[in-house]
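Chemist: Provided herewith is a single structure, encoded as structure tokens, for subsequent inquiry.
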Amino acid sequence: MALGKYSRVDGRKSSNYCSTLTVVVFVAVCLAGVWMLMSSSVVPIQDMELSTDETTTSGVVQDLNGKNFEDTSGDINAVDRETNVESQELTTQVTETTEDKTENESNPEKEENDEVKSEELESKSNLSDDSNSEDGGGEAKSEENTGETDQTTTSTTPDSEVAENKDENSNQENIEDNGQEKNSNEVFKAASQSEILNETTTQNGPWSTQAAESENEKQSQKTTSFIDSSNSKWKLCNVTAGPDYIPCLDNIKAIRKLPSTNHYEHRERHCPDEPPTCLVPLPEGYRKSVSWPKSREQIWYYNVPHTKLAEVKGHQNWVKVTGDHLTFPGGGTQFKNGALHYIDFLQNSFPEIAWGKQTRVILDVGCGVASFGGFLFERDVLAMSFAPKDEHEAQVQFALERGIPAISAVMGTKRLPYPSKVFDLIHCARCRVPWHVEGGKLLLELNRLLRPGGFFVWSATPVYRKNEEDSGIWKAMSRLTKSMCWELMVIKKDKLNEVGAAIYRKPITNDCYENRPKNDPPLCDDDTPDAAWNVPLQACIHKVAVSASERGSKWPAKWPKRLEKAPYWLKSSQVGVYGKPAPEDFTNDYEHWKQIVSSSYTNSLGINWSSVRNVMDMKAVYGGFAAALKDMKVWVMNIVPINSPDTLPIIYERGLIGMYHDWCESFSAYPRTYDLIHADNLFSDIKKRCNIKAVIAEVDRILRPEGRLIVRDDVDTIAEVESLAKSLHWKIQMTYSKDEEGFLCVKKTVWRPVEIETIMSAIA
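Position 286, counted from 1, in the sequence shown is what the numbering used here calls 1214; the numbers after and before it change by one each time, with no gaps.
What follows is the structure in structure tokens.
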């Protein structure tokens, strides 16, 4: 028997007796309702929506004591000592999908074997959704009287779902109550934001913003008011790039208007005037990504269905097509016999590199599929890899799908989005960059980024080949590096790969600069080497720090000590982001995030961390969140927004990686490349400057299906983000609110809308 959308079947037999009894009960309920209307206030009926892809959700509703979420004299652990409190000011609702519970109980091998079946089931579920809704998502509506609740409560589980699951849950309530309440207490206790999360507006010492430091940042930003997200209608982006769409790199209209492409201007960022609010489609046949570390060797072909690199670079072991997978033997143009051998070759050539101790954070220019960075993880090294979105099809997309840090970028006319003096080593393995032209402008940009005393590894044909072209480039590079005061430490040849490498070192004093016979390249007139957002390149040299208290005058402590130690150049006289002396601010921030990660994020959000590899912190501050994850097999892209205090140098000093970004624009990464995105007190600021719906669409673009978004912000902003998430058919894992503070954890689904929106600027 076909059932209507709102039909229910309870399995009971019909009879006249039942009908009579039903009428009697109905009349009694009506009379009771009239009496309640006359004797007490009326709570309006709430219309809640439940996406059909959430029908497998098991709702757990708990009333928790409000005092458990209050900070006591700044002591986060003090809440554990609060017991037997009678007030019930806070109601929290936690939802955990059956799938999440299964994930937590399963091992990686089982997860890998079951992933195809689970994807097929989800796809069928969402196809059903599309056929039952005007906007592509089937939704079941129900009306339930929710009764009287505290006005500060945030609800995440639809009342209809609670009612449907009440009988099922009641049998298990006594068994699970203690464990569930304990987990919830831990989550909400940690989610309650402590005083150190209240940023100060003080601008003292290093706490200027990247936007203020950079001369050419965008001057006008669109301000929007609160969006009624509950009725948001999403559409699918119709663009030439299809599932690989990167709005600021695929602005074909802007690229066509460029007067020249001689400096790779067409590979730089050209963001559309209005950021798109459409959703990027999934590739046909998309599957849940292979988990790390297996992903380093193979990924699903249909997730990145590009074969050009396999055809062009297959003999160099970049990538090969193997059945339903793309496999990565670990080779590259300069290390076709394996990245690990090449990595060891470099250290044997110059032991002072000391991978994972002296050298922790590096920049890999022209990274290809980033096998160099992928295998450096075994040496405790983090590589920020980048390559342009060019004829080497999808190389950065391959890297990210494999679980290796990378962005799409090019060395063209503008500075790279990193502060000065932060990379321990910069690597270029035949990256085809013309370092020696135009006064060495591009190599001087690397000099800006390289830490004093840091290394530049150049593994390219001019180092070891003697033909006329290569010999000419080598002579030009020798003149340039000498004029830059770089010292050539060693030239070695790798006999196995039949390549060579030259290793240079940047000076640690200004003596060489001041004693040069010619001021060429010239010393920079200004002293703003940290300005990096839309700043044109300059063919000049910035002096190195000479004072013992200046950043860059000393090498950081060896890894992992540098992670936990406040940088030596943070002074107590400086006011930190949260208003305390900078070193104390740093320490408090780290302790705060360690508490949150250990007590809630790792065990109370229903996240299977074995499936998390690529993590982004959209507003990183000191990098405390990333530091707290150091023992997990993840890497974190720490973003410092250009209008936030410029703390990115601190993040690099700790041995972590990150970059500057303006969240009113799209990020320079391919779609579906992050497993978890974290936003702490970010969206409340974003919505003052730009369209928050466009920002959520960007989060949807870079977040993988089944990936999580964790948001901590004020209650109004949490409500707005939650509403947008529901309109995207994301699953609400957890929500919490008290006073002016809120917490939200949501899980992206594979749902895509049916309606199409053509982005004319992205059509070839």
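Glycine is no exception: its CB is placed at the ideal position from the N, C-alpha and C atoms.
Consult DSSP for D1439 and reduce its assignment to one of helix, strand or coil.
Modeler: If DSSP states are grouped into helix, strand and coil, D1439 belongs with the helices.
Chemist: If the criterion is Cβ atoms closer than 8 Å, does the pair I1570 and S1188 meet it?
Modeler: Contact: no.
Chemist: Give the C-beta separation of I1354 and I1290 to the nearest angstrom, bearing in mind that I take them to be a contact with Cβ-Cβ under 8 Å.
Modeler: Going by Cβ atoms, the distance from I1354 to I1290 rounds to 7 Å, so yes, they are a contact pair.
Chemist: Tell me whether L1424 is buried or exposed, calling it buried when 16 or more other Cβ atoms sit within 10 Å of its Cβ.
Modeler: Classification for L1424: exposed.
Chemist: Can you give the Cα-Cα distance for R1444 and F1383, rounded to whole angstroms?
Modeler: Straight-line Cα distance between these residues: approximately 21 Å.
Chemist: Buried or exposed, going by whether 16 or more other CB atoms sit within 10 Å of the CB of H1198?
Modeler: Counting Cβ neighbours within 10 Å, H1198 comes out buried, since at least 16 surround it.
Chemist: Measure the Cβ-Cβ separation of G1699 and E1193 and say whether it is below 8 Å.
Modeler: Any answer about residue 1699 is impossible in this case: the structure gives the chain only from 929 up to 1692.
Chemist: Short check: CB of S1526 to CB of I1174, under 8 Å?
Modeler: No, the pair does not count as a contact, with Cβ atoms beyond the cut-off.
Chemist: Specify, as a first and last residue, the run of the alpha helix (DSSP H) that Q1323 falls within.
Modeler: Looking at the DSSP string, the run of the alpha helix (DSSP H) that includes Q1323 is 1323–1330.
Chemist: Roughly how many angstroms separate the alpha carbons of S1539 and W1563, rounded to a whole number?
Modeler: If you take the alpha carbons of S1539 and W1563, they lie about 13 Å apart.
Chemist: I'd like to know if the region 1226–1240 and the region 1644–1655 are in contact, where contact means that at least 3 CB-CB pairs between them fall below 8 Å.
Modeler: Too few Cβ pairs lie closer than 8 Å, so no.
Chemist: Which partner residues does M1565 have in the DSSP bridge list?
Modeler: Note: M1565 sits in a beta bridge opposite M1544, I1585.
Chemist: Give every residue of the same chain whose Cβ lies closer than 8 Å to the Cβ of S1223, excluding the five residues on either side of it in the sequence, and list them in chain order.
Modeler: Same-chain partners within the cutoff: S1217, E1329, R1330, G1331, R1541.
Chemist: Going by Cα to Cα distance, which pick from V1350, V1623, I1401, N1462 is closest to R1360?
Modeler: Answer by Cα proximity: I1401.
Chemist: By the 10 Å Cβ neighbour count, where 16 or more other Cβ atoms means buried, how is K1369 classified, buried or exposed?
Modeler: The residue is buried, with at least 16 neighbouring Cβ atoms inside 10 Å.
Chemist: From I1585 to D1352, what does the alpha carbon distance come to, in whole angstroms?
Modeler: Approximately 11 Å, taken between the alpha carbons.
Chemist: Across the region 1415–1429 and the region 1373–1388, are there enough close Cβ pairs to call them in contact, namely three or more that are closer than 8 Å?
Modeler: Judged by Cβ distances under 8 Å, the region 1415–1429 makes contact with the region 1373–1388, as three or more pairs qualify.
Chemist: Short of 7 Å in beta carbon distance, which residues of its chain neighbour V1568, apart from the five on each side in sequence? Order them along the chain.
Modeler: Taken in chain order, the residues that qualify are Q1138, A1548, D1574, T1575, L1576, G1586, Y1588.
Chemist: Would you report the Cα separation of E1048 and L1210, rounded to the nearest angstrom?
Modeler: Residue confidence is low: E1048 scores 44 on pLDDT, short of 50, so the model does not pin down where it sits. No coordinate-derived value is stated.
Chemist: Is it buried or exposed, E1656, if we count other Cβ atoms within 10 angstroms and call 16 or more buried?
Modeler: Here residue 1656 turns out to be Leu, not Glu, going by the sequence shown. With 16 or more Cβ atoms within 10 Å of its Cβ, L1656 is classed as buried.
Chemist: Would S1500 and P1484 qualify as a contact pair, given that the criterion is a beta-carbon distance under 8 Å?
Modeler: No; because the gap between Cβ atoms is not below 8 Å, this pair is not in contact.
Chemist: Would you please state the rounded distance, in angstroms, between the beta carbons of I1630 and Y1602? I believe it to be under 8 Å.
Modeler: Correct: roughly 5 Å between the Cβ atoms.
Chemist: Whole angstroms is fine: what's the gap from D1559's alpha carbon to I1684's?
Modeler: Roughly 43 Å between the two C-alpha positions.
Chemist: Between which residues of its own chain and F1611 is the CB-CB distance below 8 Å, once the five residues before and five after are set aside?
Modeler: Taken in chain order, the residues that qualify are I1620, V1623, V1639, D1641, T1645, E1648, V1649.
Chemist: Return the CA-CA distance between S1056 and T1677, expressed in angstroms with no decimal places.
Modeler: Note that S1056 scores 38 on pLDDT, short of 50, meaning its location in the model is unreliable; the coordinates nonetheless yield the value given after this. One C-alpha to the other measures close to 14 Å.
Chemist: S1336 by DSSP, collapsed to three states: which one?
Modeler: In this structure, S1336 counts as strand in the three-state DSSP scheme.
Chemist: Could you check what DSSP says for L1344 in three-state terms: helix, strand or coil?
Modeler: The answer is coil: DSSP assigns L1344 none of H, G, I, E or B.
Chemist: Please report the straight-line C-alpha distance between T1389 and D1272, rounded to a whole angstrom.
Modeler: In a straight line, the C-alpha of T1389 is about 20 Å away from that of D1272.
Chemist: Consider the Cβ of Y1346: report whether some Cβ of chain D lies at a distance smaller than 8 Å.
Modeler: The structure shown contains no chain D; it holds only a single protein chain.
Chemist: What are the boundary residues of the beta strand (DSSP E) that includes P1204?
Modeler: P1204 -> no beta strand (DSSP E), and no H or E assigned at all.
Chemist: Quick check on the burial criterion: 16 or more other C-beta atoms within 10 angstroms. Buried or exposed for A1298?
Modeler: It counts as buried.
Chemist: Should T1287 go down as buried or exposed, given a rule of 16 or more other Cβ atoms within 10 Å for buried?
Modeler: Buried.
Chemist: At what residues does the beta strand (DSSP E) containing E1634 begin and finish?
Modeler: Its beta strand (DSSP E) spans residues 1631–1642.
Chemist: Which residues in the same chain have their Cβ closer than 7 Å to the Cβ of T1456, if we skip the five residues on either side of it in sequence?
Modeler: Excluding positions up to five away in sequence, the list reads E1141.
Chemist: Kindly indicate the opening and closing residues of the beta strand (DSSP E) around D1352.
Modeler: Note, D1352: beta strand (DSSP E), 1351–1357.
Chemist: For my contact list, A1494 and A1169 are in at a C-beta cut-off of 8 Å; report their separation, rounded to the angstrom.
Modeler: Not really, about 44 Å apart at Cβ, beyond 8 Å.
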